[in-house]
Structure formats: C-alpha cells, structure tokens
Amino acid sequence: MAIVNKRLGHANLVQNYWRRGDVTSALSALNMIGDPSVVMDVFSSTFSDGFSLEQLTLDHAAMILPLALGLIKSKYECYVQVGIRTIENIVKKFAEGIKEARTVPLFGGVDLAREERLKKGEACLDQFKFIFDDPVMKKISNKPSDIGKSARRLMTNLEYSLKSCNR
6 MAIVNKRLGH ANLVQNYWRR GDVTSALSAL NMIGDPSVVM DVFSSTFSDG
56 FSLEQLTLDH AAMILPLALG LIKSKYECYV QVGIRTIENI VKKFAEGIKE
106 ARTVPLFGGV DLAREERLKK GEACLDQFKF IFDDPVMKKI SNKPSDIGKS
156 ARRLMTNLEY SLKSCNR
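If you read the sequence shown in my numbering, its first letter stands for residue 6, the second for the next number, and so on.
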C-alpha cells in the first residue's frame, strides 16, 4: 500500500503543477521523481493520446523525449507502447516547424527569436537522432508484433524528419 500511496503522491505533485499551467515544472518534477510508473501514468493520459500537445513548446518536447525513451526501454509492453506513441505525437507536432525554421531564409539583420527557435529545434533533432539510433528501439522495431509495427512507424517518421532537416 505504501508504494501505491507514494506513486499517487508523485502523480498529484505533477498534476498540481499541470493544473496551474506550469508545464515546465510538471515535467521537471516528473524527471526528478524518476519513477517510470508515474511517467507512464502522466504520459498515458496526456501526450501518448495526443492530448495536451497544444500546451507544449520545443523546450517541453526536449524534456519529454528522454522520459518517453525511458518508457520504451521498459520490460512492460504497455510502457513501451506509451513511450512510442508519445514520441510519435511529439514528432508529428514539431518536426515540420523545426524543418521550416531551418529552411526559411533570413532577410537582413539579426533575428534573435529565430536563432533561439533554431537552437531549441536542434536540441529536439538531437533527441530524434538519439532515439532513432537507440539499439533498444531498433530491436523493438524488428519484432513482428503490434508493438514492432508501432516502432517501425515511429522509426519511419523519425527518419523522414531527420532527412528532411538534413541530419
């Protein structure tokens, strides 16, 4: 019972930040807690189903991706599936914007906001590449099961995003 109470307390902490609209603190708390079951609970009810994506920035995406990869490395198939779906939704939401930021020419002067977007986009692309190259991800994508099919779809999306950004 103590484990369940601890898990619930951690989930409530993250939820309190979330309710106040402080996504950065919610994700930081999730990272500091370091409990994959809490990450699973939060992601399965938000990002893996495409909910709450509109609240995310590139900074948030860069915080979410390592946590989702941690789920993919789990021994529990439901964690793996949530990790895959979360990353897939992040890629769908941000890949095109990252590509556009990299390809739109700069017309005179210095655009500090653009430079900041490029920097944040590069951080996400680094995470995409890290996930794409991850041996566990490659192993899962070779499975003939439904989870393997999901992993292959994610790998295809990651590869397309990386290639379209010349990575």
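Cβ atoms here follow ideal geometry from the backbone N, Cα and C, with glycine treated the same way.
> Considering only residues of the same chain and omitting the five flanking positions on each side of Leu-159, which have a CB-CB separation below 7 Å?
Replying inline: Non-local beta-carbon contacts of Leu-159 in its own chain, meaning distances under 7 Å to residues more than five positions away in sequence, involve Ile-89, Ile-92 and Glu-93 in chain order.
> Closest to Lys-80 by CA distance: which of Ala-100, Met-45 and Lys-98 is it?
Replying inline: Closest option to Lys-80, judged by alpha-carbon separation, among Ala-100, Met-45 and Lys-98: Met-45.
> Which whole-angstrom value describes the C-beta separation of Leu-32 and Ile-69, a residue pair presumed to lie in contact below a C-beta threshold of 8 Å?
Replying inline: That pair is a contact at about 7 Å.
> Is Met-6 helix, strand or coil by DSSP?
Replying inline: Reduced to three states, the DSSP call for Met-6 is coil.
> So what's Cys-129 in DSSP terms, helix, strand or just coil?
Replying inline: Three-state result, Cys-129: helix.
> Around the Cβ of Cys-83, are there at least 16 other Cβ atoms within 10 angstroms (buried) or fewer (exposed)?
Replying inline: The C-beta of Cys-83 has fewer than 16 other C-beta atoms within 10 Å across all chains shown, which makes the residue exposed.
>> Pop quiz: Ala-156 and Gly-126 are said to be a contact at Cβ under 8 Å. What is the actual Cβ separation, rounded to whole angstroms?
In response: Contact between Ala-156 and Gly-126 is absent: CB atoms are separated by about 24 Å, not below the 8 Å threshold.
> Roughly how many angstroms lie between the CA atoms of Ser-169 and Lys-98, to the nearest whole one?
Replying inline: Those two C-alpha atoms are separated by around 15 Å.
> By how many angstroms is the C-alpha of His-65 removed from the C-alpha of Thr-29?
Replying inline: Here the C-alpha atom of Thr-29 lies approximately 7 Å from the C-alpha atom of His-65.
>> For a minimum of 4 consecutive residues, which ranges assigned as the alpha helix (DSSP H) are wholly contained in the segment 57 to 111?
In response: The DSSP assignment places complete alpha helix (DSSP H) segments of no fewer than 4 residues inside the segment 57 to 111 at 63 to 77 and 82 to 108, in order along the chain.
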